[in-house]
DNA sequence: AGTTGACCAACGAACGATCGTTCGTTAACC
DNA sequence: GGTTAACGAACGATCGTTCGTTGGTCAACT
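Chains as they are written, first to last, in the numbering used here: chain C, 17 to 202; chain V, 17 to 202.
See the structure below:
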């Protein structure tokens, strides 16, 4: 006889994050998600109330991770440069340790309804503002643009970096900081 | 009496690019696409043979644009630094002048079947190789990583830059080049 | 220790809606 | 008058979701 798979709500949300990250929200059916958990589609509704709610939860997990990371980095004492380093190191940690939630947060937020989407957009702007402020303290000529460029590099990590390569996490942080501070002339 | 909308194949492909860019491939139905053109869903098949073929065509248009741009930039005479500038300026032109195809190329290529996806991936790598080579000529310490970082900034333009702001196209190119060459210290 | 019963999560059939696509028909244009 | 493209009904498949049923777990009680 075969045993029934029994899963927790957290299992469902985490697996949804994985599939949303890999195939996108519209590319993932509830039956796909259930199959990944060893369930039938209808069984998911013992844990969650709708597919859209699942997306909201995954995206908000991503948003919270970045927010917590930024708060911790800004709370550190020291120079503005050291706080920038903490921001970057924190960002890299969030991306590498929570890749699925991050990818869903970055790529699928546009699917959310107006209310949730604007909330996520606001969170993203607050996060970017952390970078702008630190860069301002560092007397950077154009903190707004510098923040965009640095975050472009950081957010793109999701698309290419995999820890299997020779580039270790701390080296990655140093390389990004080196590039942001001095450009290619190093 | 009402006249019937008559469209060309190119109208269909261009509009598909617009919707794929805005809503994603799986988020766009053939009836959505037809409605945007003032047609019924079935009428599309007078012009194209399948939804997937539409995606292939849009993505390949994006790939071709970047390839042509890189070839033109590399064909210019002058220093490696001037060729890098031509690469960056060309990339900015492609993104700003063909936003829909670029967004679909960057974000929806993963939906393609294995054959087309690997072809697009190869094209992307050849494009990145152009940057690696020029950066190598410039004696950059780590051309591979520098190319990734620079392209991260360039590809992210699709997500935030809109020409309505105060930042003009040529200024944008200069800012990106300045950041890539010298970092935030300028 | 054994029995009972409430609870809970998964099952499985079924719903209406929408998906991509087909095809015979219709109408506008050279 | 022949060609071409849009129409409009219809196809089977799949979508998200509902709901009555089933079976396993575990605490309470004898």
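Built from N, CA and C at the ideal position, the CB exists for glycine as well.
Alpha helix (DSSP H) segment containing residue i, residue limits
{"i": "residue 156 of chain C", "result": "Here residue 156 of chain C belongs to no alpha helix (DSSP H), and DSSP marks it neither H nor E."}
{"i": "residue 107 of chain V", "result": "96-113"}
{"i": "residue 39 of chain C", "result": "25-39"}
{"i": "residue 51 of chain V", "result": "46-52"}
For residue i, the three-state DSSP class (helix, strand or coil)
{"i": "residue 83 of chain C", "result": "helix"}
{"i": "residue 124 of chain V", "result": "coil"}
{"i": "residue 129 of chain C", "result": "coil"}
{"i": "residue 193 of chain V", "result": "helix"}
{"i": "residue 184 of chain V", "result": "coil"}
{"i": "residue 22 of chain V", "result": "coil"}
{"i": "residue 199 of chain C", "result": "coil"}
{"i": "residue 61 of chain C", "result": "helix"}
{"i": "residue 78 of chain V", "result": "helix"}
{"i": "residue 91 of chain V", "result": "coil"}
{"i": "residue 15 of chain V", "result": "Because chain V spans 17 through 202 in this model, residue 15 of chain V falls outside it and cannot be assessed."}
{"i": "residue 177 of chain V", "result": "coil"}
{"i": "residue 17 of chain V", "result": "Below a pLDDT of 50, predicted positions are generally treated as unreliable, and residue 17 of chain V, at 45, falls in that range; no measurement from the model is reported."}
{"i": "residue 151 of chain V", "result": "helix"}
{"i": "residue 168 of chain C", "result": "helix"}
{"i": "residue 146 of chain C", "result": "helix"}
{"i": "residue 70 of chain C", "result": "helix"}
Buried versus exposed, by CB contacts within 10 Å (16 or more), residue i
{"i": "residue 187 of chain C", "result": "exposed"}
{"i": "residue 141 of chain V", "result": "exposed"}
{"i": "residue 148 of chain C", "result": "buried"}
{"i": "residue 155 of chain C", "result": "exposed"}
{"i": "residue 95 of chain C", "result": "exposed"}
{"i": "residue 146 of chain V", "result": "buried"}
{"i": "residue 17 of chain C", "result": "At residue 17 of chain C the pLDDT is 44, less than 50, meaning the model places this residue with poor confidence; the figure from the coordinates comes in the next sentence. When all chains shown are included, residue 17 of chain C counts as exposed."}
{"i": "residue 175 of chain C", "result": "exposed"}
{"i": "residue 62 of chain V", "result": "exposed"}
{"i": "residue 179 of chain V", "result": "exposed"}
{"i": "residue 44 of chain V", "result": "buried"}
{"i": "residue 168 of chain C", "result": "buried"}
{"i": "residue 130 of chain C", "result": "exposed"}
{"i": "residue 199 of chain V", "result": "buried"}
{"i": "residue 118 of chain C", "result": "buried"}
{"i": "residue 138 of chain V", "result": "exposed"}
{"i": "residue 162 of chain V", "result": "buried"}
{"i": "residue 111 of chain C", "result": "buried"}
{"i": "residue 106 of chain C", "result": "buried"}
{"i": "residue 22 of chain V", "result": "exposed"}
{"i": "residue 157 of chain C", "result": "exposed"}
{"i": "residue 97 of chain V", "result": "exposed"}
Neighbourhood of residue i by C-beta, 6 angstroms cutoff - its chain only, sequence neighbours within 5 removed
{"i": "residue 143 of chain C", "result": "82, 86"}
{"i": "residue 56 of chain V", "result": "50"}
{"i": "residue 123 of chain C", "result": "none"}
{"i": "residue 109 of chain C", "result": "none"}
{"i": "residue 127 of chain C", "result": "41"}
{"i": "residue 196 of chain V", "result": "166"}
{"i": "residue 170 of chain C", "result": "107"}
7 angstroms Cβ shell around residue i - same chain, five flanking residues per side excluded
{"i": "residue 132 of chain V", "result": "72"}
{"i": "residue 120 of chain V", "result": "33, 36, 37, 74, 75, 78"}
{"i": "residue 90 of chain V", "result": "99, 146"}
{"i": "residue 125 of chain V", "result": "75, 133, 136"}
{"i": "residue 103 of chain V", "result": "86, 89, 146, 147, 150"}
Same chain, Cβ closer than 8 angstroms to residue i, neighbours up to 5 away in sequence not counted
{"i": "residue 258 of chain C", "result": "Because chain C is modelled from 17 through 202, residue 258 of chain C falls outside the range shown and cannot be assessed."}
{"i": "residue 30 of chain C", "result": "116"}
{"i": "residue 24 of chain C", "result": "63"}
{"i": "residue 46 of chain V", "result": "57, 60, 67"}
{"i": "residue 48 of chain V", "result": "35, 39"}
Original post:
For the stretch 101-119 of chain V, which residues have a CB atom closer than 9 angstroms to at least one CB atom of chain C, in sequence order?
Top reply: none
Subject >> Near-chain C residues of the stretch 186-200 of chain V (beta-carbon distance less than 7 angstroms), N- to C-terminal order >> reply: 191, 195, 196, 197, 198, 199, 200
Subject >> Members of the stretch 30-51 of chain C near chain V, C-beta cut-off 7 angstroms >> reply: 40, 42, 43
Subject >> Near-chain C residues of the stretch 142-156 of chain V - C-beta to any C-beta below 9 angstroms >> reply: 151, 154, 156
Original post:
At a Cβ cut of 9 angstroms, what residues of the stretch 155-174 of chain V count as close to chain C, listed as they run along the chain?
Top reply: 156, 157, 158, 159, 161, 162, 164, 165, 166, 167, 168, 169, 170, 171, 172, 173
**OP:** Return the residues of the stretch 60-91 of chain V that lie within a Cβ-Cβ distance of less than 7 angstroms from chain C, sorted by chain order.
**Re:** none
**OP:** Can you give me, in chain order, the residues of the stretch 126-143 of chain C that have a beta carbon less than 9 angstroms from any beta carbon in chain V?
**Re:** 126, 127
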